[in-house]
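Have a look at the structure below, then the notes.
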Amino acid sequence: MFARSRILLGTALALSLAACGLSPAERMERAEAAYAENRFTEARLDLASILEEDANDIAALEMLARVQLQLGDGEGAASS
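When you line the sequence shown up against mature numbering (1 follows the signal peptide of the UniProt record, and there is no 0), it's residues -25 to -1, 1 to 55, in that order.
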């Protein structure tokens, strides 16, 4: 369990660093690609970055709700 947490943390950190220079449109493309490949955690990270810059981005909010549902977080989806 601890090893899995470390892997997930490392992946999240790598994705965060990789997203630093991307525009919101590029992040959205990457989130859509991750979603299509069932990489929902990665998609959620990119969507969170988009929403940090613009909390009212409708496309990002809609996709985040779909991602949250895929991750089994119905409450998170409802609040998106």
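No residue lacks a Cβ here, since even glycine has one placed at the ideal position from N, Cα and C. As the structure is a prediction and not an experimental result, all values here were calculated from the model.
Counted within 10 angstroms of its Cβ, other Cβ atoms place residue i as buried (16 or more) or exposed
i          : result
residue 17 : buried
residue 54 : exposed
Inter-residue Cα distance where the pair is residue i and residue j
i          : j           : result
residue 40 : residue 4   : 16 Å
residue 2  : residue 9   : 10 Å
residue 34 : residue 13  : 18 Å
residue 26 : residue 52  : 14 Å
residue 24 : residue -2  : 8 Å
residue 42 : residue 30  : 17 Å
residue 49 : residue -19 : 25 Å
residue 28 : residue 7   : 18 Å
residue 21 : residue 47  : 18 Å
residue -5 : residue 38  : 21 Å
Same chain, Cβ closer than 7 Å to residue i, five either side skipped, listed in chain order
i          : result
residue 45 : 15
6 Å Cβ shell around residue i - same chain, five flanking residues per side excluded
i          : result
residue 36 : 55
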